[in-house]
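Below is one structure; the comments refer to it alone.
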Amino acid sequence: MPYKWCRNCGKMRDFRRLESDAERAAAREVTGQSNVDPYIRCAHEGCRRVQRHGKSRDGGTLPEELRIPAAE
Numbered sequence: 158m159p160y161k162w163c164r165n166c167g168k169m170r171d172f173r174r175l176e177s178d179a180e181r182a183a184a185r186e187v188t189g190q191s192n193v194d195p196y197i198r199c200a201h202e203g204c205r206r207v208q209r210h211g212k213s214r215d216g217g218t219l220p221e222e223l224r225i226p227a228a229e
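Start counting the sequence shown at 158; every next residue gets the next number (the working numbering).
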């Protein structure tokens, strides 16, 4: 997992590739890009940030239903 600056968290966080079709579809909508392969998302609990690998300003916030759930 890449360790990158998350604009939503305001801290350095682990990021991961977009995994589900729902994440990829939402990322297309949020970024306005048809190819979301270069995009990664913050893996921190509760975060919805998606951003381009290597360019933290290029991204956005995924919908609430894609929030990473709290660990139990």
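The C-beta atom is built at its ideal place from N, Cα and C for all residues, glycine as well.
Going by other Cβ atoms of all chains shown within 10 Å of its Cβ, with 16 needed for buried, is residue i buried or exposed?
i	result
residue 221	exposed
With a threshold of 7 Å on Cβ separation, who are the neighbours of residue i within its own chain once the five nearest residues in sequence on each side are excluded?
i	result
residue 228	202
residue 183	219, 220 and 223
residue 178	none
Excluding the 5 residues flanking residue i on each side, which residues of the same chain have their C-beta closer than 8 Å to its C-beta?
i	result
residue 181	175 and 193
residue 164	206, 208, 213, 214 and 216
residue 200	158, 170, 171, 172, 173 and 225
residue 166	199, 201, 204 and 206
For residue i, write down the residues that DSSP places opposite it in a beta bridge.
i	result
residue 207	198 and 217
Inter-stretch contact (C-beta, 8 Å, three-pair minimum) for the region 183-196 and the region 158-168: Fewer than three beta-carbon pairs drawn from the region 183-196 and the region 158-168 are found closer than 8 Å, and the two stretches are therefore not classed as touching.
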